[in-house]
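Residue numbers (this note's numbering): 566 to 1052.
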Amino acid sequence: MLQKIKQLFSDSAAFAIAMMGNKLVALFLFPIYTRSLEPSQFGDWDMTNTIAMVVTYLCILGTDTALAFYFFDAKDETDRRAYFTSSVLFPTAISLIFLLLALLAGAPLANVLYENPTGYEALIFYAMLTIVANVIIQQVLAYARFSRRVWTFNIGSMGYVIGSSVLSIYFVVYEGAGVVGIFVGQVIGQWIVALILMWMFRKEFTRHITRKHITDLLHYGAPLLPTLLAFWVMNALSRPMIYHMISPEQAGIFGAAVRLASMIALLTAAFQLAWRPFSMSIKEREDAPRIYSLLGRAFLVIGTFFIMGLTFIIEPLVRLITGSPEYFAAYPYVWMLSLGTVLNTMHLIVGVGLLIHKQTKTISKTFMVASVLYFIGNFILIPVVGVWGTAAMSVITYLFVFLSIYRKAQAVYTVDFRMRSMLSYFALYLGLMVGITWLQVNDWQGLWFYYVIAVIVLVTAVFVTGLFDFRSLAVIRQRLLKPARKR
566 MLQKIKQLFS DSAAFAIAMM GNKLVALFLF PIYTRSLEPS QFGDWDMTNT
616 IAMVVTYLCI LGTDTALAFY FFDAKDETDR RAYFTSSVLF PTAISLIFLL
666 LALLAGAPLA NVLYENPTGY EALIFYAMLT IVANVIIQQV LAYARFSRRV
716 WTFNIGSMGY VIGSSVLSIY FVVYEGAGVV GIFVGQVIGQ WIVALILMWM
766 FRKEFTRHIT RKHITDLLHY GAPLLPTLLA FWVMNALSRP MIYHMISPEQ
816 AGIFGAAVRL ASMIALLTAA FQLAWRPFSM SIKEREDAPR IYSLLGRAFL
866 VIGTFFIMGL TFIIEPLVRL ITGSPEYFAA YPYVWMLSLG TVLNTMHLIV
916 GVGLLIHKQT KTISKTFMVA SVLYFIGNFI LIPVVGVWGT AAMSVITYLF
966 VFLSIYRKAQ AVYTVDFRMR SMLSYFALYL GLMVGITWLQ VNDWQGLWFY
1016 YVIAVIVLVT AVFVTGLFDF RSLAVIRQRL LKPARKR
């Protein structure tokens, strides 16, 4: 069991190299954009970027998740390559349809989406052009990840992020192209990487694909389409709602908070990249439920401590990174958005039984209900408490997803996650974080004293709630150190 856990953490650490590089680039870009764009322009960019992200998911149609399953379920190498080829060609064809629609209707759509659409006539088209390249990159790199070509994945991931970012900086800073310049840089950079990756993996593509390969991917991945639509509601609608119900400036501040909260992706994204192939590779093991349980509880603890630590330094960090007073108000929302990301990642762990038994429709139904909850909550709360409402709904909605998927997964694949202990720990954590935020917003003196108290209370809660106990940690430590002593 411990050997498999080591493999997961080893893969997560390896993939984290790319995540860390990408996030460092994002942190480097953030102050450049906040200094080069007005808050309203930042809101325009953030909304366009969100639309592009959601359309990417709609193009992929869950085939990346399906490929993770059939990569290990394929009968031979030829069969595996056929699944890979299908997973690249089919989503790319869909993305080309979106590109054609953007060519025909991009300018009228810009008049609807943006408060000041001047100069944005081709913006949607550029965004869709990046999506075609992005789909190719994501699917090829997914195959590299499943085949554990870690350095190919890392170099490819960092290459397209760094390359497109450098070009975007040129167009924004030196050409003064604003939001449009960001996407022009991405078009050039991402297409270069997409073509290089297709050349590198040219021998992995095959003509021997059948209708069965495509239908297998769609039968597994397409039921996730409602999940993707729900994800669109939960990620795309919050920005336009803030944009139009409050102001573009507040949408820009929220967009800044979202980007700062994305630092949690150093943990969650790397784990997710390693989790999908790992969880499927051990599903036949007798001790698989124990491994899933241990990792689920450990991930909750690590994620919550990471967010708490980030919260301690978030206010000066925002001031340092943004360099513009208009964005300083973003800092209180970051921990709630980060916590929503952690809960969203955890549904993959507690819902592993649904993925093993191919019951992806159950996940989709849960996300559809969650999207309605999220929309109604935002519609009610935004006029009353502004951005606080959206941040709070992120936690509430993903907590609902986490609990609902846990309950449904237990019906088909029982795993003792010690849920009562997890919820007790989580409730205490929420209380601590709300208290810390209240102290920060009200400018209390001597905050570090309260931070130390919060850490002590949270460490104690890990053991008092029964999430972990000292004896089990001692056993794990002994087994982990034993191989090192032998060497």
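Cβ atoms here follow ideal geometry from the backbone N, Cα and C, with glycine treated the same way.
No experiment lies behind these values; they were computed from the predicted model shown.
Item	Value
Just reading off the alpha helix (DSSP H) that A804 is part of, what are its end residues?	In the sequence under discussion, the amino acid at residue 804 is Arg, which differs from the Ala named in the question. It spans S803 to M810 - the alpha helix (DSSP H) in which R804 sits, taken as one unbroken run.
Less than 8 Å between C-beta atoms, sequence neighbours within five positions excluded: which residues of the same chain meet that for R1050?	Its pLDDT being 48, under 50, R1050 is placed unreliably by the model, and nothing is read from it.
Note down, in chain order, each residue of its chain lying with its Cβ closer than 7 Å to the Cβ of H922, except the 5 sequence neighbours on either side.	V977 and Y978
Drop a sphere of 10 angstroms on the beta-carbon of D1008, count the other beta-carbons inside from all chains shown, and report buried for 16 or more, exposed for fewer.	exposed
Quick one: what's got a C-beta closer than 7 Å to Y1064's C-beta in the same chain, skipping five residues either side?	Any answer about residue 1064 is impossible in this case: the structure gives the chain only from 566 up to 1052.
Return the Cβ separation of A633 and F711 in integer angstroms, given the expectation that the two are a contact with Cβ distance under 8 Å.	6 Å
Pull up the distance between the alpha-carbon of V619 and that of T955, whole angstroms please.	18 Å
Roughly how many angstroms lie between the CA atoms of Y735 and G750, to the nearest whole one?	8 Å
Quick one, are the C-beta atoms of M958 and P791 less than 8 Å apart?	no
Indicate whether N943 and M806 have their beta-carbon atoms separated by less than 8 Å.	yes
Round the Cβ separation of S652 and L782 to the nearest angstrom and send it over; I've been treating them as touching at under 8 Å.	6 Å
What I want to know is whether the C-beta of Q703 ends up closer than 7 Å to one or more non-hydrogen atoms of the ligand FAD.	As far as ligands go, the structure on display features none, and thus does not contain the ligand FAD.
Taking only the alpha-carbon atoms, compute the straight-line gap between M763 and G1031 and give it to the nearest angstrom.	50 Å
Determine the direct distance from the alpha carbon of G741 to that of I747, and round the result to whole angstroms.	10 Å
Taking Cβ positions, are V1006 and P897 nearer each other than 8 Å?	yes
Pairs of beta-carbons, one from the region 880-897 and one from the region 984-991, closer than 8 Å: are there three or more?	no
Can you tell me the Cα-Cα spacing of S986 and T657, whole angstroms?	45 Å
Distance, Cα to Cα, K930 vs R600?	42 Å
Just to confirm the assignment, what range does the alpha helix (DSSP H) spanning S889 have?	Note, S889: premise wrong, no alpha helix (DSSP H); not H, not E.
With a 10 Å radius around its C-beta and 16 neighbouring C-beta atoms as the bar for buried, classify W610 as buried or exposed.	buried
Would you kindly work out how many angstroms separate the C-alpha atoms of R862 and E686, rounded to a whole number?	49 Å
Relative to the C-alpha of K768, which residue among G996, A647 and L602 is closest?	A647
What is the DSSP secondary structure of E603, reduced to helix, strand or coil?	coil
Got a sec, what are the start and stop residues for the alpha helix (DSSP H) W756 sits in?	G743 to M765
Could you tell me which whole alpha helix (DSSP H) segments of length 4 or greater appear in the region 961-1009?	984-1006
Mark Q1076 as exposed unless 16 or more other C-beta atoms lie within 10 angstroms of its C-beta, in which case mark it buried.	There is simply no residue 1076 to check, as the chain begins at 566 and stops at 1052 in what is shown.
Taking a contact to mean a Cβ-Cβ separation below 8 Å, would you say S841 touches T630 in this structure?	Sequence inspection shows Arg at residue 841; the Ser mentioned does not correspond to that position. Yes. Within cutoff.
Going by beta carbon distance, what residues of the same chain come within less than 6 Å of V917, once the five residues before and after it are set aside?	S844 and Y857
How about the region 864-874 and the region 905-912: do they share at least three Cβ pairs that are nearer than 8 Å?	yes
Can you tell me whether A974 is buried or exposed? The criterion is at least 16 other CB atoms within 10 Å of its CB, across all chains shown.	buried
From R1044 to V907, what distance separates their C-alpha atoms?	At R1044 the pLDDT is 48, less than 50, meaning the model places this residue with poor confidence and gives no usable figure here.
Measure from the alpha carbon of K848 to the alpha carbon of each residue in W716, I659, T613 and L919, then state which is nearest.	L919
Could you check which residue in I720, Y808, K777 and L626 has the C-alpha nearest to that of P788?	L626
How about G608 and Y808: do their beta carbons lie closer than 8 Å?	yes
Can you give the Cα-Cα distance for L964 and W900, rounded to whole angstroms?	14 Å
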